[in-house]
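Participant: Going by the numbering used here, the sequence shown opens with residue 21, and the numbers climb by one from there.
Yeah, the Cβ is synthetic: ideal placement off N, Cα and C, and Gly gets one too.
Submitted below is the structure of interest, expressed as structure tokens.
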Amino acid sequence: MAKKIHRSIGHHYIVEASGCDPKIISSVEKVQQVLVKTAEIAGAQVWSISVNRFPPKGVSGVIVISESHISTHTWPEYGYAALDFYTCGSEVDPEKAVFYAVEAFGASTSHITEITRGIEDGDKIFYHSLITWEEDFENGKRKK
């Protein structure tokens, strides 16, 4: 019996980053720099960028990439950033980009959920799979 091969359309990473540097995640300019560099590291093509401040200190940003999107919402008063990466195709490396962004925000811990989306199970029926894990960081670098 031949093994059934499942193809997926995309990978969606949902990241909870804790212990972030408030000086970084409260700066519109720094958050934008991190998001743009994150797209670069992933190998994604940037189409548009929107980064804004929200009272009292938070920053929200989204980068539309040809492969989908990268977004963040920050709460500097809690040292917390929520990150969302969705990519389709096989030309980008979203996991490498996720680790860069978490390190660049100076996080001490992250909780990462990867959803493999659009897995075809025949007859154009699609589903997703879910994997979740935690990463610890020290001095802005991932512990290995």
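1. Taking only three categories from DSSP, how would you classify tyrosine 33?
2. Assuming valine 122 and glycine 63 make a contact with CB atoms under 8 Å, what is their CB distance in whole Å?
3. Drop a sphere of 10 angstroms on the beta-carbon of valine 48, count the other beta-carbons inside from all chains shown, and report buried for 16 or more, exposed for fewer.
4. Pull up the distance between the alpha-carbon of glycine 30 and that of glutamate 36, whole angstroms please.
5. Buried or exposed: where does isoleucine 151 fall if 16 or more other Cβ atoms within 10 Å of its Cβ makes it buried?
6. Can you tell me whether tyrosine 33 is buried or exposed? The criterion is at least 16 other CB atoms within 10 Å of its CB, across all chains shown.
7. Check each candidate in Trp67, Ile61, Tyr100, Pro114 and name the one with the smallest Cα separation from glycine 78.
8. Considering only C-alpha positions, which residue in the set Ile135, Leu55, Ser130, Phe74 is nearest to valine 66?
9. Can the beta-carbon of phenylalanine 105 be found less than 7 Å from the beta-carbon of isoleucine 90?
10. So does the segment 123-139 actually touch the segment 37-45, counting three or more Cβ pairs closer than 8 Å?
11. Hey, threonine 58 and serine 88 are a contact pair by Cβ (cut 8 Å); roughly how many whole angstroms apart?
Facilitator: According to the structure data:
1. strand
2. Their Cβ separation, rounded to whole angstroms, is 18 Å, which puts valine 122 and glycine 63 out of contact at 8 Å.
3. exposed
4. 20 Å
5. exposed
6. buried
7. Tyr100
8. Leu55
9. yes
10. yes
11. Not quite, the Cβ-Cβ distance comes to about 13 Å (not below 8 Å), so this is no contact.
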